[in-house]
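*Asks:*
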Amino acid sequence: MSTPRPTRPPEAASHPTGTHAAQSGGTPAQRFLRDAAVKSADLAHRETIRFNMESYHAAHQRGRTRIKDWEAARRRCQEIKREAVNHLDKYLLQFEENVTARGGHVFWAENSEQACAYICDLAQRNGVKTVVKSKSMVSEEIELAAALGKLGIKAWETDLGEYIVQLRNEPPYHIVTPAMHLSRKQIGDLFRKELEPGVSDDPVELMAAARRKLRQAFFAAEMGVSGANFIVADVGAVAISTNEGNGRLSTSVPRIHVAVTGIEKVIPRLEDLAVLWPVLATSGTGQGITTYSTLIGGPKRAGEADGPKEFHVVLVDNGRSRLLANAEEREVLHCIRCGACLNICPVYRHIGGHAYGTIYPGPIGSVLTPHLLGKDFDHLSSASSLCGACTSVCPVRIDLHHHLLHNRRDFVQARDTKLSERLFFRLFRAVMLRPWLYSLGGGLARRGLRILYGMGLAGSVFDPMRAWTRDRSPVPLPKKSFRAQWKKEGRA
Amino acid sequence: MNPADNPGRAAILERIRAGLTVPAPAAAAPADVAYSAMFEPATNPLERFQLEAKANLMECLLSHDSTGSAQQLAQVLASLPPGEIFVQDHPSLRRLIDLAQVKRAVRWSSQGAPSEASQATVTLVEAVIAQTGSIFVTAACGGRGASVVAPCHIAVATVSQLVPDLQTALGDATRKGILAQNSFACVISGSSRTADIEKILVQGAHGPRRLVVILEGAA
């Protein structure tokens, strides 16, 4: 089968939704290089990330042992998502029919502007002054809080991590644990300044302070906004997984509930959640299942004690249908946003979540963002060592590191490369095809670099390895090539 | 919704259908692995539920009959600060509240949503799931707020409601049309919690600090 070329956005997004507005100066690629260099040299930051990732890793490993056949469960999840994404129109229409039959509303938004306009109009028509939000990456992607803010509507983030980064006026650092980069001391300082002067650094007290504040918001808000981990076609329900209960309160107490989600979140059957829920929880946090696995299929029905009077689902495309047309990379839409690929990625572990400058960081973000936001973000596909760790942990078996390679190939083919770059790779190809030339080149390079480094010129303008050695010690040069050593060992 | 109010709908569907004309690369045939091959089956559902519920930081209290359940309920309520409780308006729970000789003010679900000041909520469940140590509730179990607003949620269930796993619970829900009859359903697996600060577990984030399951009919 021929590989269809991906269709890219016609030009760099003029309104780069889903990016960090706080970053400034230079192109996204320049900012990425600058911020990545700063963060990877910040040892305290790296220690925080190491600590968090090791805690996650231990919990994840424990969680996996609770599943009898982890690989079979992954394959089942892959099959469910594959079926859904490859019949996307059918399942979305089935979902819509079921929701509307129960008095809910489904709005299809081609882009962030349409999604925000619908929700803002709904809020204005209903005199909404306060919105409570449970964690939703799609609402971050469409920059909903900012759109509501322009109308004077206050949107409270109610997930503790999201609330913390909202108080700091920062984007989420991680798609599952948004305040992972902060210590309890930093959060304590923030809460003493913003919430209660007497609160200590004890996480129990910090949570209690946030609970007191946000309880007022839950009961004052006229509108609750949630995301959806899945949208279930056969029963017409959104499935929301949360541990804190903020998602429950946001969708129970206010008189209007709006669920904002991507079109790719649909799954065919309710029973599919019997596998997806445990696998998502295990990959996301190491839990056997998330504390609240909630299903919402409409507004409050006659005879029910409580619940919103209006229920709206906003299905956001925002470039996803363009990615769907790329058959080679279509499976990227299978992602269930568990964050496992971020947690294992050596690049993420060094530079952290904010350096990417996008809402979706880490390997999945590096694959997805260039498709959603355009060529300004092509560089992210090179922010990987291609070690394949991300692919090995993905609960829906997305071949992430190969998709990073596909992106690199497509981006190079689609743009004008420099003459010097083209000449270099022609030379490189010629050398790689001729073992004798490769051997000669390697020998000359070793000798040349040894002389250069002997003169103390490592990292100087004369050093061809300067990109590496200007910030690092030069790698010790072996006396013999690998091939020579191999021959000797073989003879021995 | 009037199509004129949502022009994006037709455009998105058109793009999806055009995109899907190119098939995805071939995949291996579905493995058709049994659920019990992926997840350890619960050979003794009651024992498994107790084990998993404990791991979920849930309190599981067993009782032989409604008198025993009333005693368990009275003890739990006695451990809570004074104040109103919210109870699902169901004949079996009205009997239980009488048997437990509850002296507190009781707000019934037929009177509306639970008050923010409720000290506890008492509800029934749709099912109890052994595999994950969970209870399955719907809007019929006192409404949406009944299992999340108060600091303590007391769920009253019977052993006959125990199902071995999630697949059975969700399969039953599909067959019975639970989502067609209820605007809300939830699989609850423990008390509200967070680990957003330095991965330290804190119980009682925005929802109940305690989730107590009184399981009636245990031999």
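Residue numbers (the numbering used here), protein chains in the order written: chain L, 1 to 492; chain A, 1001 to 1219.
Where a beta carbon is used, it is the ideal one built from N, C-alpha and C, also for glycine.
A quick note: this is a predicted structure, and the numbers were derived from the prediction, not measured.
(1) Looking at L:W156 and L:A217, is the spacing between their C-beta atoms short of 8 Å?
(2) Establish whether the CB of A:R1175 and some CB of chain L are separated by less than 8 Å.
(3) So is L:Q412 buried or exposed if we call it buried at 16+ other beta carbons inside 10 Å?
(4) For A:H1064 and chain L, any beta-carbon pair shorter than 8 Å?
(5) My understanding is that A:A1139 touches A:I1085, with C-beta atoms under 8 Å, so please give their C-beta distance in whole angstroms.
(6) Give the interface partners of A:P1023 over in chain L, defined as CB-CB distance under 7 Å, in chain order.
(7) Among residues of its own chain, excluding the 5 on either side of L:K81, which ones have a beta-carbon nearer than 6 Å to its beta-carbon?
(8) Note down, in chain order, each residue of its chain lying with its Cβ closer than 6 Å to the Cβ of L:T291, except the 5 sequence neighbours on either side.
(9) List the residues of chain L that A:R1017 touches, going by C-beta distances under 8 Å, in chain order.
(10) With L:G224 and L:P308 assumed to form a contact (beta carbons below 8 Å), what rounded beta-carbon distance in angstroms separates them?
(11) Please tell me whether L:A208 and L:L195 are closer than 8 Å, where the distance is taken between their beta carbons.
(12) Please compile the residues from chain A whose C-beta is within a distance smaller than 7 Å of the C-beta of L:M455.
(13) Which of the three DSSP states is assigned to A:G1217 in this structure?
(14) Quick one: is L:I175 near chain A, going by C-beta distance under 8 Å?
(15) So, helix, strand or coil for A:H1206, using DSSP?
(16) Can you say whether L:G497 is buried or exposed, counting buried as having 16 or more other CB atoms within 10 angstroms of its CB?
(17) Exposed or buried, L:A22, counting other C-beta atoms within 10 Å across all chains shown (16 or more means buried)?
(18) Mind listing, in chain order, the continuous alpha helix (DSSP H) runs of no fewer than 4 residues lying wholly within the region 175 to 212 of chain L?
(19) Strictly under 8 Å for the Cβ-Cβ distance: is L:L433 near chain A by that measure?
(20) Name the chain A residues whose beta carbon is nearer than 8 Å to that of L:S496?
(21) From L:L437 to L:R446, what does the alpha carbon distance come to, in whole angstroms?
(22) Which residues mark the beginning and the end of the alpha helix (DSSP H) in which L:Y163 is found?
(23) To test your reading of the DSSP string, which unbroken alpha helix (DSSP H) runs of 4 or more residues are found completely within the region 393 to 463 of chain L?
(24) Cα-Cα, which of L:K129, L:M455, L:K375 is closest to L:K150?
(25) Of all the options L:R50, L:E222, L:H60, L:P172, which has the alpha carbon lying nearest to the alpha carbon of L:R125?
(26) In whole angstroms, give me the CA-to-CA distance for A:L1124 and A:C1141.
(27) To the nearest angstrom, how far is the alpha carbon of L:V165 from that of A:N1002?
(28) Bridge partners of L:S293, per DSSP?
(29) So with CB distances below 7 Å, who are the chain L contacts of A:T1194?
(30) Using beta carbons (cut-off 8 Å, strictly below), is A:P1301 in contact with chain L?
(31) Do A:V1087 and A:V1106 have their CB atoms nearer than 8 Å?
(32) Tell me which residues of the region 1183 to 1210 of chain A have at least one Cβ-Cβ distance to chain L shorter than 8 Å, keeping chain order.
(33) Tell whether a beta-carbon distance below 8 Å holds between A:R1193 and A:V1187.
(34) According to a CB-to-CB cut-off of less than 8 Å, which residues of the region 271 to 286 of chain L neighbour chain A?
(35) Identify whether L:M137 lies in helix, strand or coil by the three-state DSSP scheme.
(36) Could you tell me how far apart the beta carbons of L:L324 and L:P363 are, in whole angstroms, since I believe they sit closer than 8 Å?
*Replies:* In brief:
(1) Here residue 217 of chain L refers to the residue found at position 217 of the first sequence. Here residue 156 of chain L refers to the residue found at position 156 of the first sequence. Cβ distance < 8 Å, so L:A217 and L:W156 count as in contact.
(2) Residue numbering aside, residue 1175 of chain A sits at position 175 when the second sequence is read from its first letter. By this cut-off, A:R1175 is not an interface position.
(3) Indexing the first sequence from 1 puts residue 412 of chain L at position 412. The question names Gln, but residue 412 of chain L is Val in the sequence shown. So L:V412 counts as exposed.
(4) On the second sequence, position 64 is the one that residue 1064 of chain A refers to. So, not an interface residue.
(5) Residue mapping note: residue 1139 of chain A aligns to position 139 of the second sequence, counting from 1. Residue mapping note: residue 1085 of chain A aligns to position 85 of the second sequence, counting from 1. Actually they do not touch by this definition, with Cβ atoms about 19 Å apart.
(6) Translated into the one-based positions of the second sequence, residue 1023 of chain A becomes position 23. The contacting residues are A327.
(7) Here residue 81 of chain L refers to the residue found at position 81 of the first sequence. Excluding sequence neighbours, L:K81 sits near H334, V396.
(8) As a position in the first sequence, residue 291 of chain L is number 291, starting the count at 1. Within the same chain, L:T291 has close Cβ partners N243.
(9) Here residue 1017 of chain A corresponds to residue number 17 of the second sequence, with the count starting at 1. Those are D89, listed as they occur along chain L.
(10) Counted from its first residue, the first sequence places residue 224 of chain L at position 224. Counted from its first residue, the first sequence places residue 308 of chain L at position 308. So it is a contact: roughly 7 Å between Cβ atoms.
(11) Locating residue 208 of chain L in the first sequence gives position 208, counting from the first residue. Locating residue 195 of chain L in the first sequence gives position 195, counting from the first residue. No, the pair does not count as a contact, with Cβ atoms beyond the cut-off.
(12) Sequence index remark: in the first sequence, residue 455 of chain L carries index 455 (1-based). Here the premise fails: no neighbours, minimum Cβ distance about 48 Å.
(13) Counting from 1 along the second sequence, the entry for residue 1217 of chain A is found at position 217. A:G1217 falls in the coil class under three-state DSSP.
(14) Taking the first residue of the first sequence as position 1, residue 175 of chain L is located at position 175. So no, L:I175 is outside the interface.
(15) As a first step, residue 1206 of chain A must be located in the second sequence, where it is residue number 206. Correct three-state label for A:H1206: coil.
(16) Examination of residue 497 of chain L is not possible in this model, given that chain L is present from 1 through 492 alone.
(17) As a first step, residue 22 of chain L must be located in the first sequence, where it is residue number 22. Residue placement at L:A22 cannot be trusted, given a pLDDT of 44 that sits under 50; the coordinates are not used to answer.
(18) 184 to 194
(19) Working through the first sequence from its first residue, we reach residue 433 of chain L at position 433. False, the Cβ-Cβ gap to chain A never drops below 8 Å.
(20) Chain L is shown only over 1 to 492; residue 496 of chain L falls outside these bounds and no answer can be derived.
(21) On the first sequence, residue 437 of chain L is found 437 positions in, with the first residue counted as 1. On the first sequence, residue 446 of chain L is found 446 positions in, with the first residue counted as 1. So the alpha carbons of these two residues sit roughly 14 Å apart.
(22) If you number the first sequence from 1, residue 163 of chain L lands on position 163. Start and end: 160 to 167.
(23) 400 to 414, 419 to 432, 435 to 454
(24) Along the first sequence, one-based indexing puts residue 150 of chain L at 150. Comparing Cα-Cα distances from L:K150 to each of L:K129, L:M455, L:K375, the minimum goes to L:K129.
(25) The residue you call residue 125 of chain L lines up with position 125 of the first sequence. Nearest of L:R50, L:E222, L:H60, L:P172 to L:R125, Cα basis: L:E222.
(26) The count along the second sequence starts at 1 and reaches residue 1124 of chain A at position 124. The count along the second sequence starts at 1 and reaches residue 1141 of chain A at position 141. Between A:L1124 and A:C1141, the C-alpha separation is close to 6 Å.
(27) Position 165 of the first sequence, counted from the start, is the residue given in the question as residue 165 of chain L. Position 2 of the second sequence, counted from the start, is the residue given in the question as residue 1002 of chain A. Each residue's alpha carbon lies about 39 Å from the other.
(28) Here residue 293 of chain L refers to the residue found at position 293 of the first sequence. Partner(s): L:S241, A:V1187.
(29) As a position in the second sequence, residue 1194 of chain A is number 194, starting the count at 1. By Cβ distance, chain L contributes L160, M207, N243, E244.
(30) Given that chain A is displayed from residue 1001 to residue 1219, the structure contains no residue 1301 of chain A and the question cannot be resolved.
(31) The residue labelled residue 1087 of chain A in the question sits at position 87 within the second sequence. The residue labelled residue 1106 of chain A in the question sits at position 106 within the second sequence. Cβ atoms of A:V1087 and A:V1106: closer than 8 Å.
(32) S1183, F1184, A1185, C1186, V1187, I1188, S1189, G1190, S1191, S1192, R1193, T1194, A1195, D1196, I1197, E1198, K1199, I1200, V1202, G1204, A1205, H1206, G1207, P1208
(33) The sequence position of residue 1193 of chain A within the second sequence is 193, counting from 1. The sequence position of residue 1187 of chain A within the second sequence is 187, counting from 1. No, the pair does not count as a contact, with Cβ atoms beyond the cut-off.
(34) E271, L273, A274, V275, W277, P278, T285
(35) Here residue 137 of chain L is taken as the residue at index 137 of the first sequence, counted from 1. Three-state result, L:M137: helix.
(36) Locating residue 324 of chain L in the first sequence gives position 324, counting from the first residue. Locating residue 363 of chain L in the first sequence gives position 363, counting from the first residue. Incorrect: roughly 20 Å between the Cβ atoms, too far for contact.
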